[in-house]
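A.B. asks:
Protein chains: 2
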Amino acid sequence: MEALTQNIQDYLKTIYELTSRGEKASTNSLAKRLGISAPSITGMLQKLSGLQPPLVRYQKHQGAMLTEAGEKAALEVLRHHRLLEAWLVESMGYTWDAVHDEACKMEHVISEEFERRIAASLGHPLRDPHGAPIPSADLVMPTTSDLPLNHLKIGDHAIVRRVNCEDGAFLRHVQHLGLVPGAKLIVLDISPFDGTMKIQVAGREQAVIGEAVSNQIHVEVEDIEET
Amino acid sequence: MEALTQNIQDYLKTIYELTSRGEKASTNSLAKRLGISAPSITGMLQKLSGLQPPLVRYQKHQGAMLTEAGEKAALEVLRHHRLLEAWLVESMGYTWDAVHDEACKMEHVISEEFERRIAASLGHPLRDPHGAPIPSADLVMPTTSDLPLNHLKIGDHAIVRRVNCEDGAFLRHVQHLGLVPGAKLIVLDISPFDGTMKIQVAGREQAVIGEAVSNQIHVEVEDIEET
DNA sequence: AAAATAATTTAGTCTATCCTAATTTTTTAT
DNA sequence: ATAAAAAATTAGGATAGACTAAATTATTTT
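If you're matching them up, the sequences are chains A and B in order. So for the first sequence, the numbering used here puts the first residue at 5; every next one is plus one. So for the second sequence, the numbering used here puts the first residue at 5; every next one is plus one.
#1: Is the distance from the Cβ of Gly122 (chain A) to the Cβ of Trp91 (chain A) below 8 Å?
#2: Closest to Lys188 (chain A) by CA distance: which of A:Ala173, A:Val205, A:Ile194 is it?
#3: Taking 8 Å as the cut-off, decide whether the C-beta atoms of Lys17 (chain A) and Ala73 (chain A) are in contact.
#4: Which residue or residues does DSSP assign as beta-bridge partners of Tyr15 (chain A)?
#5: Excluding sequence positions up to five away, which residues of its chain have a Cβ less than 8 Å from the Cβ of Asp193 (chain A)?
#6: Would you tell me roughly how many angstroms separate the C-alpha atoms of Gln220 (chain B) and Arg166 (chain B), rounded to the nearest one?
#7: Starting from Glu75 (chain A), follow the alpha helix (DSSP H) in both directions and report where the run begins and ends.
#8: Measure the alpha-carbon distance for Arg86 (chain B) versus Pro133 (chain B) and round it to whole angstroms.
#9: Helix, strand or coil, according to DSSP, for His161 (chain B) in the structure here?
#10: If we cut at 8 Å on Cβ distances, does Met96 (chain B) have a partner in chain A?
#11: Give me the DSSP bridge partner(s) of His222 (chain A).
#12: Roughly how many angstroms lie between the CA atoms of Leu130 (chain A) and Val164 (chain A), to the nearest whole one?
#13: Would you check whether the ligand NAP has a heavy atom nearer than 7 Å to the C-beta of Asn219 (chain B)?
#14: Any idea if Ile228 (chain B) is buried or exposed, counting beta-carbon neighbours within 10 angstroms, 16 or more meaning buried?
#15: How far does the alpha helix (DSSP H) with Ala124 (chain B) in it reach, from first residue to last?
#16: Buried or exposed: Pro43 (chain A), going by 16 or more other Cβ atoms within 10 Å of its Cβ?
#17: Using a Cβ cut-off of 8 Å (strictly closer), state whether Met110 (chain A) contacts chain B.
#18: My output table needs one value for Pro137 (chain A): the three-state DSSP class, helix, strand or coil.
#19: Here's a check: name, in chain order, each residue in its chain whose Cβ is nearer than 6 Å to the Cβ of Tyr62 (chain A), leaving out the five neighbours to either side.
#20: Classify Pro185 (chain B): buried if its beta carbon has 16 or more other beta carbons within 10 angstroms, exposed otherwise.
#21: Select from A:Pro137, A:Gly182, A:His155, A:Cys169 the residue whose C-alpha is nearest the C-alpha of Asp198 (chain A).
#22: Please check if any C-beta of chain B sits within less than 8 Å of the C-beta of Glu21 (chain A).
#23: According to the neighbour-count rule (16 or more other Cβ atoms, all chains shown, within 10 Å of its Cβ), is Gly207 (chain B) buried or exposed?
#24: Apart from the five residues on each side of it in sequence, which residues of its chain come closer than 8 Å, Cβ to Cβ, to Ser95 (chain B)?
#25: On a CA-only basis, which of B:Asp171, B:Met145, B:Glu111 is nearest Ile12 (chain B)? Give me that one, please.
#26: Using 8 Å as the limit for Cβ to Cβ distance, is Arg166 (chain B) near chain A?
#27: Run through chain A and tell me which residues come within less than 7 Å of Phe118 (chain B), C-beta to C-beta.
#28: Cβ closer than 8 Å: which chain A residues qualify as neighbours of Val81 (chain B)?
#29: Could you have a look at Ile40 (chain A) and say whether DSSP puts it in helix, strand or coil?
#30: Given a cut-off of 8 Å, decide if Leu59 (chain B) and Leu70 (chain B) are closer than it, judged by their beta-carbon atoms.
#31: Have a look at the DSSP bridge pairing and note the partners of Asp193 (chain B).
#32: Is there a Cβ of chain A sitting closer than 8 Å to that of Ser24 (chain B), yes or no?
#33: What is the DSSP secondary structure of Lys28 (chain A), counted as helix, strand or coil?
#34: For Pro146 (chain B), collect the residues of the same chain with a Cβ closer than 8 Å to its Cβ; drop the 5 residues on either side in sequence, then sort them by chain order.
#35: Taking 8 Å as the threshold (beta carbon to beta carbon), is Val113 (chain A) in contact with chain B?
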């Protein structure tokens, strides 16, 4: 198996990210995410599905899915990316809103040796600074029971597990609200129609957040003893 | 000034390395160093000398020289490379014979922010693990008074300052001889014709080395009090 | 179900690099 | 000063990946 180009790695990673959150990896969504024109996406999907072995399953107008081989390649890149983010924060003094671009470039060039060293130095972390799970060294994605905050109902107690967005401004905003991995919160109210939520984050003032925020915050619901 | 491609950065770096050691950056020497065919080199040199501003001064059959702009770009890459090598050894536990490839890939992708952080964490080192000088943050190459070991004469005392080769096997060999930066030595004898040297490295057995080794070991001659 | 809109694909190009084969220029050896 | 050898260049093509414009297919609205 020859090494995949950085480009192809980016396509595979992006297809993984989209499909793993339940979205369809359509031509347009890939084009938007990758900042590339739609025809270029079509061309690349045709190529990736024609490789031996194919990295992508693709049928005209149907979007793309990763094959087994494509998924392994995507998980390798994703492992690099998330380990790098964790390491940039833990060992290099970066803040969580400033690691994405650096990791995006380094993820394609580090050796397996480097990967091993940073993984070991961090104690083989299971999540990156945003709470995203880090695939294991043998490329299995840990299963998680997180669900988007906007799926909760009034009165639910939960713990923030993941902020599923890499935009720096967004991250600084949710940090300001205290919505970082580990934070506990209670859903106080949900507006009908628009889904706006009033929440109480532990140790904070009450806050109101829209769906654009709440669907990126993934939480784990806490069981409450109902005496 | 748009960012230069990794490719171009490698050309510039290689031209710098050749010319700075007094060799001519000829088409063939570049081809050998870069592992690329000679016609490809010619084509790239034509391109680089035609850019606005030109990065290279080039005339048919005459080899290449860096322009001011080309040299700055080369020094930026070289600074990245050498800082990375120093940091891989000092902070990441690599040995000096295993850092070159990793640094060659990372040098093109790290941000200025990353560069600053590793430089600061190392205390702004002046040399990499092989003793090569590290260009300053404002891209000036420190001047050194090293000269190749094979330029010495019998009886000279010297300190090893630099091993001017990145080949892993070569590095392990000279390390085995004790010829690492900081080591003190005395030239005991020099064979006529072939230049083979007998040397005494402080704390070691006497050793005999050929020119293939002695011309890569750069030393600083020690003044000896001649009472 | 037709019309309008949105999404996708095809067709035809472009740029960056690389290559091999053939040719030319320069250097070296007789 | 030639002839031979070495070095470098030109010519002609290939591959990866991206683009725009035009055409096609799907989806949504009415």
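Even glycine gets a Cβ: it sits at the ideal position worked out from N, Cα and C. It should be emphasised that the depicted structure is a prediction, and the values quoted were computed from it without experimental measurement.
C.D. replies: The answer reads as follows:
#1: First, the residue type needs correcting, since residue 122 (chain A) is Ile and not Gly in the sequence shown. Against a cut-off of 8 Å, the Cβ pair of Trp91 (chain A) and Ile122 (chain A) comes out as a contact.
#2: A:Val205
#3: no
#4: DSSP output for Tyr15 (chain A) lists no bridge partner at all.
#5: Only Ile158, Met201, Lys202 meet the Cβ criterion.
#6: 8 Å
#7: 72-94
#8: 8 Å
#9: strand
#10: For Met96 (chain B), the answer is yes, since a Cβ of chain A falls inside 8 Å of its Cβ.
#11: A:Pro152, A:Arg166
#12: 15 Å
#13: As for the ligand NAP, it is missing from this structure, which has no ligand bound.
#14: exposed
#15: 116-125
#16: exposed
#17: yes
#18: strand
#19: Counting only Cβ-Cβ distances below 6 Å, and skipping sequence neighbours, we find Leu49, Ser53, Ala68.
#20: buried
#21: A:His155
#22: no
#23: exposed
#24: Ile122, Ser125, Leu126
#25: B:Glu111
#26: no
#27: Glu106
#28: Correct list: empty, because the minimum Cβ distance to chain A is about 14 Å.
#29: Under the three-state reduction of DSSP output, Ile40 (chain A) falls in the coil class, being neither helix nor strand.
#30: Leu70 (chain B) places its beta carbon less than 8 Å from that of Leu59 (chain B).
#31: B:Lys202
#32: no
#33: coil
#34: Excluding sequence neighbours, Pro146 (chain B) sits near Leu130, Pro137, Ile138, Pro139, Ser140.
#35: yes
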